[in-house]
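**Student:**
There are 2 protein chains.
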Amino acid sequence: MDGGFMRLAIAEAEKALAIGEIPVGAVVVRGGRVIGSGHNLRERDKNPLLHAELIAISRAAEAVGDWRLNGCDIYVTLEPCVMCSGAILSARMDNVIFGAYDPEYGAAGGRLDLFARRCYGGVTRVVGGVMENECAEILNRFFSAIRSPDKN
Amino acid sequence: MDGGFMRLAIAEAEKALAIGEIPVGAVVVRGGRVIGSGHNLRERDKNPLLHAELIAISRAAEAVGDWRLNGCDIYVTLEPCVMCSGAILSARMDNVIFGAYDPEYGAAGGRLDLFARRCYGGVTRVVGGVMENECAEILNRFFSAIRSPDKN
Chain A
177 MDGGFMRLAI AEAEKALAIG EIPVGAVVVR GGRVIGSGHN LRERDKNPLL HAELIAISRA
237 AEAVGDWRLN GCDIYVTLEP CVMCSGAILS ARMDNVIFGA YDPEYGAAGG RLDLFARRCY
297 GGVTRVVGGV MENECAEILN RFFSAIRSPD KN
Chain B
177 MDGGFMRLAI AEAEKALAIG EIPVGAVVVR GGRVIGSGHN LRERDKNPLL HAELIAISRA
237 AEAVGDWRLN GCDIYVTLEP CVMCSGAILS ARMDNVIFGA YDPEYGAAGG RLDLFARRCY
297 GGVTRVVGGV MENECAEILN RFFSAIRSPD KN
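If you read the protein sequences in the order shown, they are chains A and B. Here our numbering is used: the first residue of the first sequence is 177, the next is one more, and so on. Here our numbering is used: the first residue of the second sequence is 177, the next is one more, and so on.
1. In angstroms with no decimal places, state the Cα-to-Cα distance between Arg244(B) and Val205(B).
2. According to the Cβ coordinates, are Ala187(B) and Val200(B) closer than 9 Å?
3. Mapping the DSSP letters down to three states, classify Ala392(A) as helix, strand or coil.
4. With distances taken Cα to Cα, identify the nearest neighbour of Arg228(A) among Val302(A), Phe291(A), Cys260(A) and Val303(A).
5. Please classify Cys260(B): does DSSP put it in a helix, a strand, or coil?
6. Between which two residues does the alpha helix (DSSP H) harbouring Asp221(A) extend?
7. In angstroms with no decimal places, state the Cα-to-Cα distance between Glu310(A) and Gly179(A).
8. List the residues of chain A that Leu290(B) touches, going by C-beta distances under 7 Å, in chain order.
9. Applying a beta-carbon distance threshold of less than 9 Å, which residues of chain A neighbour Ile233(B)?
10. Excluding the five sequence neighbours on either side, which residues of its own chain have a C-beta within less than 6 Å of the C-beta of Lys191(B), listed in chain order?
11. Please list the partners that Asp242(B) has in chain C, where partner means a Cβ-to-Cβ separation under 7 Å.
12. Give, in chain order, every residue of the stretch 266-279 of chain B whose Cβ lies closer than 7 Å to some Cβ of chain A.
13. What does Ala263(B) reach in chain A if we use C-beta pairs closer than 7 Å?
14. Please confirm whether Ala237(B) has its beta-carbon closer than 9 Å to some beta-carbon of chain A.
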């Protein structure tokens, strides 16, 4: 675990914020190096699959040349949803490190814990709450702006 | 629900079988018309996201021009895994109709039931076991061939 990688994930989230997407960012790391990164593009590309994690995972798989991402960790600013948690498990990643908990949609301990079930015989470990305030703050900025459009 | 659409999903699964992928196929239907289809391409494209359902959903979203797939049903030959169930819920699809149950990885009643939890306040309904024998048979052909390579 490394705060530097979470900072890179936050930088990805900032890119999403700048274009009006719910600001979530993710990076995939292997051997101390970022091999895939992404930010939420669901609205821009009108595609329900384009969460930050799925984009980062897809790019990491391309970099590795394998759908199996053993030996890889994913850093994400918000707790993964069901879809993204399933993707992390399917890709057999080593660790998921997330920032803010998501009590509504989180599937890594916030609402559900799909990792505890070991659905895939997986060994993905979870660390939540890393740089939690910084990760939550960017989400708060987004939702505050939506709720108070007059103040923009 | 329509057996004809499941036959189209089976035809997709046959395409996967022909190229040595685990044979799963899916079609997304809206207003009686197929707007997206896909088959498993995880091995060929070395990408953990390329399950039949995710490919079909992505194409359907492109056809509709919206990440919200309300009013759409997905027909899939095998019970969706966690990742694909999450994608179906995230896309707010109306119905998921699947063929064979998957007691190991299924997340729509076989092992888990993510749809019962209504994680997303979703209203996706599930019908399992449609043309179950036909859908299971194609999977059996694949796994029998793997287990008995000398007989090929």
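The beta-carbon is built from N, C-alpha and C at its ideal position, and this holds for glycine as well. Just so we're clear, the structure is a prediction, and the values are computed from it rather than from any experiment.
**Tutor:** This is what the structure gives:
1. 14 Å
2. no
3. Here chain A comprises residues numbered 177 to 328, so residue 392(A) is not present and cannot be evaluated.
4. In the sequence under discussion, the amino acid at residue 228(A) is Ala, which differs from the Arg named in the question. Looking at the Cα atoms, Cys260(A) is the closest of the given residues.
5. helix
6. Arg218 to Asp221
7. 11 Å
8. Val258
9. Asn223, Pro224 and Leu225
10. His215
11. Protein chains in the displayed structure are A and B, and chain C is not among them.
12. Ser266 and Ala267
13. Pro224, Leu225 and Met259
14. yes
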